[in-house]
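Presented below is the structure to which this report refers.
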Amino acid sequence: MKVQIDFVTIANGIKKYYQVAYTAMDDSTLHRELKPLQMINNNYEKILLTMDYDIVPNHDGIKQINVLDWLLEE
0 MKVQIDFVTI
10 ANGIKKYYQV
20 AYTAMDDSTL
30 HRELKPLQMI
40 NNNYEKILLT
50 MDYDIVPNHD
60 GIKQINVLDW
70 LLEE
């Protein structure tokens, strides 16, 4: 199965994988956005960025972060 990751960052040799969605409140959207990250077989950080504030912060090791909070902290 071919999947697409929205973007990858590399800083000091450390990769981070990102998926971006406006919202992941719907179960089917959440599943669709997490699936590509779940298929990556390494230990680098995987992050789902959304506009949601009422989130589950961790999906089996994949972090979900509000994109505005992420932009302000990075």
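Last residue of the sequence shown: 73 (numbering that gives the first Met the number 0), numbering continuous. Glycine included, every Cβ here is placed at the ideal spot set by N, Cα and C.
Check: Thinking C-beta only, is Ala10 closer than 9 Å to Thr94?; Outcome: Outside the shown range of the chain, which is 0 to 73, sits residue 94, and nothing can be said about it.
Check: Taking the continuous alpha helix (DSSP H) assigned at Gln37, which residues delimit it?; Outcome: 26 to 37
Check: Note down the Cα distance separating Leu71 from Tyr52, rounded to an integer number of angstroms.; Outcome: 15 Å
Check: What first and last residue would you give for the beta strand (DSSP E) that runs through Val19?; Outcome: 13 to 19
Check: Out of Gly60, Val55, Trp69, state which residue places its alpha-carbon closest to the alpha-carbon of Asp26.; Outcome: Val55
Check: For Val2, does the three-state DSSP call read helix, strand or coil?; Outcome: coil
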